[in-house]
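Colleague: Protein chains in written order, with the numbering used here: chain R, 1 to 882; chain G, 1 to 138. Take a look at this one; I'll ask things after.
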């Protein structure tokens with residue numbers, strides 16, 4: 001019998017290639033065309049070619065994916081995604097399908113998803129520069145620093161001759177904190193370069209960037225040497241000098257540092273950073289809190305004043321540090337110089353000193369004496385020198401600006417009627433100066449007379465219709481008086497004429513202040529949907545700005561402006577610490593919380609018959625508009641494809657711009673959300689990240705957390721706020737409420753560990769006290785804000801404490817408590833929230849103390865349009881005996 | 001800067017345009033701040049994008065809030081910017097456009113800073129107003 005044939009070992013198959021990936025030659029050629037058609041943006045042709053392939057190979061994953069891409073680019077996005085997903089399912093091992101999927105997500109700004117797809121593609125095809133490039137940008141955009149390093153490393157290996165790939169790696173290492181490696185990469189790069197022309201901008205930027213890495217790494221000595229070695233090649237002399245001066249100071253080389261900062265001051269003696277650094281180089285400290293420290297700093301500042309007599313910054317800094325007679329002398333010179341010149345901002349400048357009541361009193365005295373002297377003799381009453389009694393005669397403008405200052409001074413002390421009579425005096429002197437009406441408006445605003453303020457600001461605006469500043473202020477005051485339509489009309493005087501509406505132009509130009517003020521106005525008017533709409537628009541603007549950085553990841557590498565690039569990343573990271581974001585987030589979150597607590601309280605008021613019909617009519621109109629817009633969009637598409645045939649250029653043949661119609665122009669859909677807390681979170685989380693140093697952030701965080709029943713998060717919020725400011729009056733009632741809340745939770749809601757954590761946390765926050773003692777303590781601290789906090793705390797701590805709370809709040813209106821308008825308004829809110837029978841009584845008493853305030857006038861008074869009449873002795877003025 | 005610009009002038013820009021300036025020629029733009037760090041005045045400037053024999057700078061926008069005038073801020077901002085253009089980019093001149101009717105700005109550029117009118121560009125601004133094109137040789 002012949003021996004059985006030994007079975008031939010089948011050649012080991014390495015990877016099982018998907019049956020449907022390889023194409024026969026005809027289809028393969030077509031596929032090449034498909035890729036080309038994508039590169040040249042010929043969507044329609046590409047679609048056809050793809051369909052041809054699919055006729056014979058309907059399961060070819062890569063073609064399916066490309067078809068999806070073409071569809072998405074032709075405004076058929078949903079279909080597009082379906083085909084791409086089909087393609088991925090058919091051929092998961094293909095880098096092309098993942099690349100396409102990544103492109104789709106990236107175009108829709110789903111960066112996290114895009115990154116996942118690109119990572120997949122990269123795993124399969126490790127050396128594709130195409131994929132790596134996009135992958136790298138995504139990693140840095142999402143701040144995955146070590147992944148960025150890996151990507152840049154791979155790119156560099158694949159293409160080491162391209163200069164910017166070295167820089168890309170260095171940047172990645174720098175951002176990932178690998179300072180030594182970044183330094184080495186930069187050094188290799190610099191050694192690689194042969195002839196660099198002297199004073200070349202890009203190279204100079206590269207060198208300065210390298211220096212900044214050394215500085216961040218704490219290698220001050222090395223950095224200094226580096227700067228020295230490359231001095232002749234660095235063209236940004238200012239950056240060079242500043243960095244050098246910093247380093248000298250950090251290294252304790254006092255004399256060279258002093259010299260370096262002096263040179264910088266010669267270029268710009270108004271830069272506070274330069275001044276502070278110079279003082280430091282002289283072994284003193286402008287931020288010192290001891291009398292000796294302050295005196296030492298002042299000595300240095302006096303030297304600087306001699307060297308740079310025209311610098312206001314130096315002299316102003318000195319005012320922070322001196323006191324008593326020296327203060328009087330220096331302040332007098334500073335003030336009279338400004339008043340003589342007619343500087344409108346002098347009060348705004350000086351006001352920061354008013355926290356020191358002694359200084360405030362001195363300034364008040366000084367300016368009052370100038371006024372009297374000017375009235376009598378047209379001089380400030382200050383002899384030119386000790387020997388003679390000769391004085392400079394001032395122009396009449398000096399008198400005007402002195403009155404202007406005094407009015408602001410009294411307004412700051414809440415002596416509103418005095419302030420107003422001073423403004424009237426100034427107006428009699430110089431009737432048509434917009435500044436005076438503006439000031440009157442501001443005084444009335446601070447006194448709470450919203451309508452009177454508007455009137456005055458309108459007067460100001462009409463005095464100079466060409467000035468957008470006056471226009472903007474005027475619009476703001478309209479919004480404060482809840483006249484939204486008027487406000488929009490007025491800003492419309494300066495917005496683009498070809499914009500769909502003034503509001504739309506402001507949205508396009510990212511005008512945050514207007515959107516915020518409108519949102520707040522809508523809130524006051526209980527038009528919550530519209531308010532939400534504005535807050536969301538602000539949210540979107542911040543998203544857009546954050547998005548702006550995307551293109552700069554590659555742009556800056558090309559231009560080599562790397563220091564600016566790194567600053568951009570830090571700016572983007574901190575973006576939402578901007579006060580406008582905080583305001584919008586607060587507004588939105590509060591509405592969503594209210595919606596959660598009591599949906600009926602935010603629902604639009606039921607429409608009367610007439611209004612109902614009008615609403616129905618509007619709905620009809622909106623539908624017609626929407627249909628029209630869609631028709632126009634389709635027609636435009638038609639037109640494009642027809643019109644473009646005549647064009648010779650083949651590129652951009654089928655590009656279509658979809659017309660975006662706002663599906664929710666009035667925010668009704670926003671307000672109708674079934675998950676208000678989830679939406680609130682989307683506003684809150686970025687706030688916690690970027691504005692974690694604000695008590696207000698954690699107040700919001702707490703309110704959201706307790707409603708989500710996330711008690712540990714609530715505790716964390718309270719702790720964070722406490723760490724920032726343990727005496728915060730906003731925090732106080734929250735602690736009380738939390739304690740009460742937690743003690744009323746049913747058994748077993750919290751696991752034992754959580755319970756312990758919370759209990760311990762609360763003991764710390766309450767400082768070991770009982771609720772009553774805790775409330776008593778804050779009351780003891782004195783001051784109006786503390787009274788309100790104690791009242792809120794008492795309310796939360798005990799059932800049936802209503803009477804006690806009312807008592808407390810009435811105390812607020814006594815002189816000793818010294819309430820501000822805001823405190824009193826806050827107190828009134830508390831009365832209203834407990835539906836107290838004494839609400840009107842409180843309102844009346846508050847109205848006596850704040851006669852100009854609209855917030856305390858009865859609806860009848862407001863309706864009757866009675867102008868508030870200042871009595872001249874509203875409360876006691878807040879000036880203390882000096 | 002964007003906020004200051006929106007309050008003062010009708011020619012406004014999206015944030016990305018400000019970023020473009022700051023990330024291409026960071027040396028030539030400056031801001032003036034109050035004690036709380038809020039921008040009360042600014043100069044937004046750039047170098048001419050077309051490569052040429054004579055590099056020159058251009059002022060895209062400059063303004064100071066109304067209630068911070070009379071402090072010489074516009075002058076200071078302009079001088080700092082010019083200095084940087086000269087030192088970092090070897091600019092030989094700076095150019096800018098100004099509304100024909102803006103007397104205050106014209107006086108600043110002509111009288112205080114020494115700019116000269118080169119020509120009138122009709123309907124330069126979006127609202128149809130003419131502009132003076134001005135130049136300062138450094």
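Ideal Cβ placement from N, Cα and C applies to all residues, glycine included. Note that this is a predicted model, so its numbers are computed, not measured.
(1) Beta carbon of residue 44 of chain G, beta carbon of residue 60 of chain G: below 9 Å?
(2) Who does residue 39 of chain G pair with in a DSSP beta bridge?
(3) With distances taken between CB atoms, is the gap from residue 281 of chain R to residue 257 of chain R smaller than 9 Å?
(4) Give the range of the alpha helix (DSSP H) segment to which residue 131 of chain G is assigned.
(5) Taking a cut of 8 Å between CB atoms, which residues from the region 46–80 of chain G lie near chain R?
(6) Distance check for residue 128 of chain R and residue 122 of chain R, CA to CA, integer angstroms please.
(7) What residue from R:34, R:41, R:38 has the CA that sits closest to residue 53 of chain R's CA?
(8) Which first and last residues belong to the alpha helix (DSSP H) in which residue 119 of chain G is found?
(9) Considering only their Cβ atoms, is the gap separating residue 585 of chain R from residue 686 of chain R smaller than 9 Å?
(10) Which parts of the region 446–514 of chain R are runs of the alpha helix (DSSP H), unbroken and 4 residues or longer, counting only runs that do not cross its ends?
(11) Classify residue 22 of chain G: buried if its beta carbon has 16 or more other beta carbons within 10 angstroms, exposed otherwise.
(12) List the residues that DSSP assigns as beta-bridge partners of residue 93 of chain G.
(13) Does the distance from the CB of residue 86 of chain R to the CB of residue 102 of chain R come in under 9 Å?
(14) Could you check whether the Cβ of residue 540 of chain R sits closer than 9 Å to any Cβ belonging to chain A?
(15) Where do the ends of the alpha helix (DSSP H) carrying residue 313 of chain R lie?
(16) Please decide whether residue 89 of chain G counts as near chain R, where near means a Cβ-Cβ distance under 9 Å.
(17) Quick check on residue 646 of chain R: buried or exposed, where buried means 16 or more other Cβ atoms within 10 Å of its Cβ?
(18) Below 8 Å on C-beta distance, what does residue 342 of chain R contact in chain G?
(19) Quick one: measure Cβ to Cβ for residue 164 of chain G and residue 46 of chain G, integer angstroms, because I've assumed they're closer than 8 Å.
(20) Tell me the DSSP bridge mates of residue 64 of chain G?
(21) Look at residue 353 of chain R and residue 404 of chain R and say whether their C-beta atoms are less than 9 Å apart.
(22) Cβ atoms of residue 539 of chain R and residue 683 of chain R: under 9 Å apart, would you say?
(23) Starting from residue 1 of chain G, find everything on chain R with Cβ-Cβ shorter than 8 Å and list it in chain order.
(24) According to DSSP, simplified to helix, strand and coil, what is residue 351 of chain R?
(25) So, at 7 Å on beta carbons, what are the nonlocal neighbours of residue 45 of chain R in its own chain, with the 5 sequence-adjacent residues on each side left out?
(26) On a Cα-Cα basis, can you pick out the residue from R:310, R:270, R:334 that is closest to residue 31 of chain G?
(27) Just the chain G side, please: which residues come within less than 9 Å of residue 555 of chain R by C-beta, in chain order?
(28) Given a limit of 9 Å on CB to CB distance, which residues of the region 508–535 of chain R reach chain G?
(29) Closer than 8 Å is the cut-off here; do at least three beta carbon pairs connect the region 785–799 of chain R with the region 724–737 of chain R?
(30) Would you grab the beta carbon distance between residue 7 of chain G and residue 469 of chain R for me? Rounded to a whole angstrom, and I think it's under 8 Å.
(31) Given that a residue counts as buried once 16 or more other Cβ atoms are within 10 Å of its Cβ, and exposed if not, what is residue 185 of chain R?
(32) When the distance is taken between beta carbons, is residue 176 of chain R closer than 9 Å to residue 217 of chain R?
(33) In chain R, what lies closer than 8 Å to residue 9 of chain G by C-beta?
(34) Ignoring anything shorter than 4 residues or poking outside the region 42–76 of chain R, list the alpha helix (DSSP H) runs there in chain order.
(35) With three or more beta-carbon pairs closer than 8 Å as the criterion, would you say the region 202–209 of chain R touches the region 224–243 of chain R?
(36) Just to confirm before moving on: does the CB-CB distance between residue 420 of chain R and residue 428 of chain R stay below 9 Å?
Modeller: Checking against the coordinates, here is how it stands:
(1) yes
(2) G:33
(3) yes
(4) Element bounds for residue 131 of chain G: not the alpha helix (DSSP H) but the beta strand (DSSP E), 131–137.
(5) 65, 66, 67, 68, 69, 70, 71, 76, 80
(6) 8 Å
(7) R:34
(8) Where residue 119 of chain G is concerned, there is no enclosing alpha helix (DSSP H), although the beta strand (DSSP E) it sits in stretches over 116–121.
(9) yes
(10) 450–463, 468–480, 484–491, 502–508
(11) buried
(12) G:56, G:137
(13) no
(14) Although the question refers to chain A, the structure presented lacks it and instead comprises the protein chains R and G.
(15) 312–321
(16) yes
(17) With a pLDDT of 35 at residue 646 of chain R, under the threshold of 50, the modelled position of that residue is not reliable, and no figure is offered here.
(18) 70
(19) Outside the modelled stretch of chain G, which goes from 1 to 138, sits residue 164 of chain G, for which no answer is possible.
(20) G:41
(21) no
(22) yes
(23) Correct list: empty, because the minimum Cβ distance to chain R is about 12 Å.
(24) helix
(25) 37
(26) R:270
(27) 20, 23, 24
(28) 508, 509, 510, 511, 512, 513, 514
(29) yes
(30) 6 Å
(31) buried
(32) no
(33) 468
(34) 43–56, 61–73
(35) yes
(36) no
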